[in-house]
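Below is one structure, written out as structure tokens; comments come after it.
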Amino acid sequence: MQLADTDLYVHPLQLGGNTFGWGADRDQSFAVLDAYAEAGGNFIDTADAYPAWVDGNSGGESETIIGEWMKSRGNRDEMVIATKVGKHPEHPGLDPANIRDCVDDSLRRLGTDHVDVYYAHCDDDEVDQVAVAETFDALVRSGKVSYLGASNFSLERLQNARKISTKFSLACYRVVQDRFNLVSRAAVDAQKQAYLRSEGMAELPFYSLASGFLTGKHTGGDATGSVRGQRVADYVDDQKALGALEVLHDVASAHNATMTATAIAWQLSHDFIPSTIASARVPEQLTELFAGVEMQLSDEEITALTHAWVEE
């Protein structure tokens with residue numbers, strides 16, 4: 042699939058690197074990456090902050106593992122690599138100097154001279170948007186970054202950023218990342234969807250499976266009290282979410298497919314989503330994810346799933 046109006050062509054399943062260096066160690070991560078590439082995948086998402094939330098980690102471990110894997114396999118030119126700046130605990134925000142330092146750190150860890158997609162990991166209203174735009178533009182002009190993305194931006198701030206880029210003839214955001222799945226759609230409401238379509242921008246959603254809730258396998262939550270487990274528990278306490286899960290189960294059963302695959306297929310049925318992000322701790326988990334890419338839902342099934350959840 043072509044990524045927005047760029048010259049990048051990406052697989053509809055983007056492999057999330059947030060588990061590398063946390064849920065999966067180096068060898069396990071290599072196994073997942075190998076399986077993903079062997080199945081035809083070429084789009085990997087990470088961030089300089091992954092996984093800084095784990096005791097003993099400082100951030101950047103995911104980038105390092107991906108970089109070591111690409112070096113050992115000699116396949117950098119075959120991969121489309123996306124990473125982000127702005128949420129590293131020691132280097133937060135979008136101050137121009139911070140962006141310049143962080144991109145160099147990411148390039149070093151990834152073992153490459155350029156990043157295919159570089160995101161502002163979050164908005165930063167304490168820094169002038171013109172200064173941010175000029176800094177990102179300079180990275181594109183230098184060749185360190187091919188294309189730009191914005192993650193977790195409100196529609197208003199995204200529109201403002203694009204207007205600035207147009208006014209000053211600067212490189213603009215081409216892709217966005219937001220939380221968007223069957224039971225969480227507020228970040229990409231109808232108005233934002235219309236804007237993305239009008240601007241030819243691509244949405245690459247994260248939390249595609251609602252922290253595992255949409256797999257149907259963890260509705261009891263996680264007794265360890267992890268962040269992921271708490272998120273699942275929050276959905277389990279929501280009757281609307283449980284109702285949507287029932288519809289998802291029925292559609293999946295009609296296809297003799299898993300709920301995981303069906304949730305992925307529903308996401309990819311949206312014309313503004315060329316690829317969706319999902320992670321795996323072991324290669325076996327990729328099977329269901331790739332099945333979602335191949336799965337074709339009828340218009341009636343898409344409508345049923347869409348109407349199964351109404352954001353309040």
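Every number in the numbering used here is 41 more than the matching position in the sequence shown, counting from 1.
Virtual Cβ for every residue (Gly too), placed ideally from N, Cα, C.
Computed from a prediction, not measured in an experiment: that's the story for all the values here.
N-terminal and C-terminal residue of the alpha helix (DSSP H) that residue i is part of
i, result
"residue 142", "137-151"
"residue 309", "300-309"
"residue 232", "231-240"
"residue 281", "280-295"
"residue 343", "340-348"
"residue 257", "Run containing residue 257: none; DSSP gives neither H nor E here."
"residue 250", "From DSSP, residue 250 is part of no alpha helix (DSSP H); its letter is neither H nor E."
"residue 327", "327-335"
Cβ shell of residue i (< 6 Å), same chain only, five flanking positions each side left out
i, result
"residue 70", "61 and 106"
"residue 257", "300"
"residue 302", "329, 332, 333 and 336"
"residue 72", "324"
"residue 132", "139 and 143"
"residue 254", "273 and 276"
"residue 193", "163"
"residue 188", "47, 158 and 215"
"residue 121", "49, 51, 83, 84 and 157"
"residue 43", "50"
"residue 282", "224 and 276"
"residue 95", "63"
"residue 67", "106"
Limits of the unbroken beta strand (DSSP E) element including residue i
i, result
"residue 319", "317-319"
"residue 56", "54-57"
"residue 124", "121-126"
"residue 161", "156-161"
Cβ pair residue i, residue j closer than 9 Å
i, j, result
"residue 49", "residue 86", "no"
"residue 342", "residue 298", "no"
"residue 177", "residue 151", "no"
"residue 190", "residue 123", "yes"
"residue 173", "residue 202", "yes"
"residue 162", "residue 76", "no"
"residue 54", "residue 316", "yes"
"residue 244", "residue 305", "no"
"residue 136", "residue 171", "no"
"residue 78", "residue 109", "no"
"residue 246", "residue 221", "yes"
"residue 218", "residue 318", "yes"
Cβ-based neighbour list, residue i, same chain, cut-off 7 Å, excluding 5 preceding and 5 following
i, result
"residue 225", "248 and 251"
"residue 346", "223, 288, 289, 292 and 307"
"residue 232", "196"
"residue 59", "91, 92, 103 and 320"
"residue 284", "349"
"residue 265", "Bear in mind that a pLDDT of 41 at residue 265, under 50, signals an unreliable position, so the number given afterwards is only what the model happens to contain. For residue 265, where only same-chain residues beyond five positions count, there are no Cβ hits under 7 Å."
"residue 268", "Low local confidence applies: a pLDDT of 47 at residue 268 is under 50, so the model's placement there is unreliable, and no value is given."
"residue 147", "89, 104, 124 and 156"
"residue 115", "none"
Whole-angstrom C-beta distance between residue j and residue i, which should lie under 8 Å
i, j, result
"residue 127", "residue 165", "7 Å"
"residue 214", "residue 199", "7 Å"
"residue 97", "residue 129", "So it is not a contact: roughly 16 Å between Cβ atoms."
Own chain partners of residue i with C-beta closer than 8 Å, once the 5 adjacent residues on each side are dropped
i, result
"residue 112", "152"
"residue 144", "126, 156, 159, 180, 185 and 186"
"residue 241", "45 and 46"
"residue 322", "60, 64, 65, 69 and 73"
"residue 182", "212"
"residue 207", "213"
"residue 175", "137, 209 and 211"
Cutoff 9 Å: residue i Cβ touching any chain D Cβ
i, result
"residue 185", "No chain D is part of this structure, which consists of one protein chain only."
Give the list of continuous alpha helix (DSSP H) stretches no shorter than 4 residues that lie fully inside the stretch 176-218. Restricted to the stretch 176-218, the alpha helix (DSSP H) segments that are unbroken, complete and at least 4 residues in length are 196-208, listed in chain order.
Which whole runs of the beta strand (DSSP E) in the stretch 48-109 are 3 residues long or more, in chain order? Runs found: 54-57 and 84-86.
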